[in-house]
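Some notes on the structure that comes next.
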Amino acid sequence: MQVNLQDLKIYYMDNDGGNPMVSTVHPEVYKTLSKVLHYFKDTYGIVPEKVSIPKMHRSFEIWSKVLVSSGLRPITVEMTGRVGEANLWLEILKWFIPGCSNHILPVLCSAALNKLWAPKTEKEVDKYFRMVYEIEKFVKELLKDDGIFIYPTSPEIAPYHGQAFLKPFNVCYTAVFNLLGMPVSQCPINLSSNGLPIGLQVVSNHYNDHITIAVAEELERVFGGWVNPAKDEL
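Quick note: the sequence shown uses the UniProt record's numbering, first residue 1, plus one each step.
What follows is the structure, given as structure tokens:
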């Protein structure tokens with residue numbers, strides 16, 4: 001389906017709204033976002049509008065609470081290959097003894113979150129689903145059929161292997177749109193001063209995947225898309 005980029009309306013946020021548990025947005029991520037917004041303004045005459053999506057700063061809390069109360073099999077059941085349920089606390093104890101555990105730490109932590117973080121009452125479950133509805137309603141009315149929302153993929157530049165495990169709340173930048181079920185295209189834009197990839201995500205309303213794809217193709221054409229960050233070829 002043909003998309004006339006000149007007819008689009010662009011909305012954006014440059015951070016999650018201030019959750020103290022989430023990393024501060026890196027200056028180079030801000031710079032990348034600004035570069036993209038200026039491109040659309042200079043090329044298509046689109047004036048991007050900064051918005052504030054309600055409860056965005058609580059997106060990790062909302063996503064995780066809804067996830068663990070959605071009727072999925074508990075992680076402790078998946079840990080046994082669905083032939084019983086693992087004793088989580090025993091498995092955590094075994095992890096501290098080299099060679100005794102069959103599970104990696106992220107799985108055990110996710111299982112603990114699954115068990116301890118789940119809403120305790122139906123009233124609490126309803127509260128979080130209402131929050132999802134509130135966010136979805138706002139975004140749907142904002143974007144309609146001619147709008148996109150541009151948002152950092154991550155507040156930080158690509159972390160070292162395993163480092164993301166120490167900053168789990170940063171997943172809220174992408175998780176919130178997974179929760180809403182809205183189309184998202186992840187767009188690599190450029191490399192940081194250290195040669196690491198920086199990306200942005202483009203979000204559209206339900207069933208408007210063709211818009212995010214068209215914007216992603218334009219960004220790839222202009223900014224070069226994904227490039228190998230390695231300085232030396234193997």
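C-beta atoms are modelled at their ideal positions from N, C-alpha and C, and glycine is treated no differently. All of these numbers come straight from a predicted model, not from anything done at the bench.
Within its chain, find whatever has a CB closer than 6 Å to the CB of residue i; leave out the 5 residues flanking it on each side and keep chain order.
i: Glu156; result: Ser23, His26
i: Glu85; result: Thr76, Val77
i: Leu234; result: Any answer about Leu234 is weak, because its pLDDT of 47 lies below 50 and its placement is not dependable; what the coordinates show is given next. Closer than 6 Å at Cβ, skipping near neighbours: no residue.
i: Pro48; result: Ile10, Tyr12, Leu37
i: Asn4; result: none
Out of the options, which one is the CA nearest neighbour of residue i?
i: Gly81; options: Val66, Asn102, Pro152, Leu8; result: Asn102
i: Ile196; options: Thr32, Gly99, Ile104, Asn114; result: Note that residue 196 corresponds to Leu in the displayed sequence, not to Ile. For the residues Thr32, Gly99, Ile104, Asn114, the minimum Cα distance to Leu196 belongs to Thr32.
i: His147; options: Met131, Lys55, Ala214; result: Before going on, a small fix: residue 147 reads as Gly here, not His. Nearest C-alpha to Gly147: Ala214.
i: Leu67; options: Cys187, Leu179, Gly199, Ser185; result: Leu179
i: Gly225; options: Gln186, Gly45, Thr212; result: Gln186
i: Ile10; options: Leu37, Ala216, Val227; result: Leu37
i: Leu8; options: Lys140, Phe149, Asn114, Val83; result: Phe149
i: Pro106; options: Met79, Ser59, Glu122, Thr121; result: Met79
i: Gln6; options: Lys35, Glu28, Tyr39, Ile46; result: Ile46
i: Met21; options: Asp145, Val171, Glu122, Asn4; result: Val171
i: Val132; options: Arg73, Val3, Gly99, Ser59; result: Ser59
i: Thr174; options: Asn15, Asn4, Met1; result: Asn15
i: Asn19; options: Glu61, Tyr39, Gln2; result: Glu61
i: Pro74; options: Gln163, Trp117, Pro98; result: Trp117
i: Asn114; options: Thr212, Trp63, Leu166, Arg221; result: Trp63
i: Lys144; options: Thr43, Ile211, His57, Gly99; result: Ile211
Is residue i helix, strand or coil by DSSP?
i: Cys187; result: strand
i: Lys127; result: helix
i: Leu234; result: Confidence at Leu234 is low in this model, with a pLDDT of 47, below 50, so the placement of that residue should be treated as unreliable; the coordinate-derived value is given next. Leu234 falls in the coil class under three-state DSSP.
i: Glu85; result: coil
i: Lys50; result: strand
i: Tyr160; result: coil
i: Ile10; result: strand
i: Leu200; result: strand
i: Ser106; result: First, the amino acid is wrong: residue 106 is Pro here, not Ser. If DSSP states are grouped into helix, strand and coil, Pro106 belongs with the helices.
i: Tyr151; result: strand
i: Arg221; result: helix
i: Cys100; result: coil
i: Ala118; result: coil
i: Arg58; result: helix
Leaving out five residues before and five after residue i in sequence, what residues of the same chain have Cβ atoms less than 7 Å from its Cβ?
i: Pro119; result: Lys65, Ser69, Val125, Tyr128
i: Pro54; result: Glu134, Ile135, Phe138
i: Glu28; result: Ile157, Ser192, Ser193, Ile198
i: Pro229; result: Leu191, Gly195, Leu196, Pro197
i: Tyr30; result: Asp14
Could you tell me whether the Cβ atoms of residue i and residue j are closer together than 8 Å?
i: Pro168; j: Asp209; result: no
i: Val203; j: Phe177; result: yes
i: Leu200; j: Pro152; result: yes
i: Trp161; j: Gly181; result: It should be noted that the sequence gives His, not Trp, for residue 161. In this structure, Gly181 does not lie closer than 8 Å to His161 by Cβ.
i: residue 236; j: Leu166; result: A query on residue 236 cannot be resolved here, the shown segment of the chain reaching from 1 to 234 and no further.
Suppose the cutoff is 8 Å on Cβ atoms and the five residues either side in sequence are ignored; what does the same chain contact list for residue i look like?
i: Ile92; result: Leu108, Ala112
i: Ser52; result: Met13, Gly17
i: Trp95; result: Ser101, His103, Leu105, Leu108
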